[in-house]
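Okay, structure first, notes after.
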Amino acid sequence: MQGNKTKRVAIITGGSQGIGACIAEAFARSGYSTIICSRTKPDVDREAENIRLAGFDCEGIVLDVADPDAVRTAISAIAEKYGRLDVLVNCAGIYGPIGPLEENDAKLWEQAVRINICGTAFCTRAAIPIMKKGGCGCIICFAGAGAGGNSIKPNISSYVASKFGICGFTEAMSNELKGTGIRINAISPGAVNTRLLSQVLSAGEKAGKDFLQASIKQKETGGTPPKLAADLALYLASDEASHISGKVLSAVWEKKEALCAMKDKLGGPLYTLRRIDDVMYQEKKKGG
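Position one of the sequence shown corresponds to residue -1 (my numbering), numbered consecutively onward.
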């Protein structure tokens, strides 16, 4: 069955629960034909049905983003059915093993990197030719794990490494895609209460005392609303954000109005990861 080829189309990986589900619902409510992807059929079927019951256009497909052939086949089929691809949100991700690196299962550590980084790259690679054909597109990745902040959590090294990798990937791809009409950015969603939080709480002391206590507090206070990430994703997909690419943006701290007003200031290293040393700091001070 053919989809509606006049509506904008958004693919959300990891869209069956948590932040991904919130983003999928936001895009569907905004008039997109929304396709959610997940490795777990019951989850993806349930979320897609929930969105359809609310009166919006949504399809769910089972997809392992770590399988490049399956990714290319799925995204090509979506483009064939709907005739276009406007937005790709790379939200699929896992924590990987929790605990000191020397105690981590090597295969589980590698699996997290493969899903978080390689899965993002595989989906992006499959989407680019379709978006190029359409003359434009928006790709959104997910950073996090303190990337760009001042506090890096211990005992989730595969997750941290992969999320820092996403920041570099985003900036590299932005440079690679200049002149194509395709923009790519990464969102740091904040401390959202998802299944990842439950995994830390279940790990107990293996997560480390400080990380565990912070996670307990996060659960008690409710954490960062996932709606903040969904709102930022919608903004980045809009024409208002046509000047933004290659950036790592915080769902908690960045405000739409401020980003709109910074059109002339986003061509440099603002909102990217950079090493700060004494020389760079002093030069910045001299330059005002």
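Backbone N, C-alpha and C fix where the C-beta goes; we use that ideal spot for every residue, glycine too.
Next item on the list: Go ahead and label Asp103 buried or exposed: buried means 16 or more other beta carbons lie within 10 angstroms of its beta carbon, across all protein chains shown.
Entry: exposed
Item checked: For Gly16 and Thr222, believed in contact at Cβ under 8 Å, the rounded distance -> 12 Å between Cβ atoms; not a contact.
Check: Between Gly286 and the rest of its own chain, which residues show a CB-CB distance below 7 Å, the 5 nearest in sequence each way excluded?
Finding: Confidence at Gly286 is low in this model, with a pLDDT of 48, below 50, so its placement is unreliable and no value can be given for it.
Notebook entry, point to check: Is the Cβ of Ala8 closer than 7 Å to any Cβ of chain B?
Noted result: Checking the listed chains, one finds no chain B in this structure; it contains a single protein chain.
Checklist line | Inter-residue Cα distance where the pair is Leu347 and Cys20 | finding: This structure gives no information on residue 347, because the portion of the chain shown stretches from -1 to 286.
Checklist line | Candidates Arg123, Asn173, Ala256, of which the one nearest Gly244 by Cα | finding: Asn173
Check: Of the residues Asp262, Val246, Lys254, which one's Cα is nearest the Cα of Arg272?
Finding: Val246
Check: Helix, strand or coil: which one does DSSP assign to Ile10?
Finding: strand
Next item on the list: Could you say if the region 71 to 79 and the region 136 to 144 meet the contact criterion of at least three C-beta pairs nearer than 8 Å?
Entry: no
Notebook entry, point to check: Beta-carbon separation of Thr122 and Ile137 under 7 Å?
Noted result: yes
Check: Quick one: is Pro40 buried, meaning 16 or more other Cβ sit within 10 Å of its Cβ, or exposed?
Finding: exposed
Notebook entry, point to check: Where does the unbroken beta strand (DSSP E) through Cys56 begin, and where does it stop?
Noted result: 56 to 60
Item checked: N- and C-terminal bounds of the alpha helix (DSSP H) containing Asn48 -> 39 to 51
Check: How many whole angstroms separate the CB atoms of Thr32 and Ala8, which I take to be in contact at a CB cut-off of 8 Å?
Finding: 5 Å
Item checked: Residue from Val85, Cys134, Pro98, Pro187 with nearest C-alpha to Ser156 -> Pro98
Item checked: Contacting residues, own chain, Cβ-Cβ under 6 Å from Gly132 (five flanking each side not counted) -> Arg82
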